[in-house]
Amino acid sequence: MNNVEKESFKPAPADYFTGKAFIKALVVADTVTNCNVSDVAFEAGCRNNWHTHPSNQILLVKEGTCYYQEEGKPIQKIAAGGVINVLPGIKHWHGASPDAPMVHVAININTDKGLVNWMERVTDEQYHN
Ligand code: MN
71 MNNVEKESFK
81 PAPADYFTGK
91 AFIKALVVAD
101 TVTNCNVSDV
111 AFEAGCRNNW
121 HTHPSNQILL
131 VKEGTCYYQE
141 EGKPIQKIAA
151 GGVINVLPGI
161 KHWHGASPDA
171 PMVHVAININ
181 TDKGLVNWME
191 RVTDEQYHN
């Protein structure tokens, strides 16, 4: 992601991310379109907090390697071009690898049920495990 592209991104809320991430809304849900689509750019080492979604969240990895972990399972490393279908209620986190930025598209369906339920931070021990 170059600097010009980065200007259209807004900083992600620091309470829910460890490290810096940036969000660009692509499709904003309304009464007709019950779905949100955003680009999310994570700097190297950045990840979001543990969380769940009320409905599926589909992640399309565009750049870098996405670190993705569901509670009780090992971290999965998904290369650019990969897809993750996060099922409703599954506790998980996602973020960049320690050495390179990562960008994914996040598609949240059925937004009338809510978007995300944020939980505790992912510790360095969990991230590097
Ligand atoms: Mn998620």
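The sequence shown lines up with residues 71 to 199 when you count with our numbering.
We treat Cβ as the ideally placed atom computed from N, Cα and C, and that holds for glycine.
Here the structure is a predicted model, which is why all the values come from computation and not from measurement.
Item	Value
Where Gly165 falls, given that 16 or more other Cβ within 10 Å makes a residue buried	buried
Residue environment, Ser187, which counts as buried when at least 16 other CB atoms sit within 10 Å	The residue you asked about is not Ser; residue 187 is Asn in the sequence shown. Counting Cβ neighbours within 10 Å, Asn187 comes out exposed, since fewer than 16 surround it.
Reference Ile177; option with closest CA among Asp194, Val98 and Trp163	Val98
Range of the contiguous alpha helix (DSSP H) that encloses Asp194	Asp194 to Tyr197
The stretch 107-117 / the stretch 149-162 touching (three or more Cβ pairs under 8 Å)	no
Ala91 - DSSP class collapsed to helix/strand/coil	strand
Ser125 to Glu140 span [Cα, whole Å]	15 Å
Rounded Cβ spacing between Ile200 and Ser108 (contact assumed at less than 8 Å)	There is simply no residue 200 to check, as the chain begins at 71 and stops at 199 in what is shown.
Simplified DSSP assignment, three categories, for Ala99	coil
Proximity of Leu185 and Val153 at Cβ, strictly below 7 Å	no
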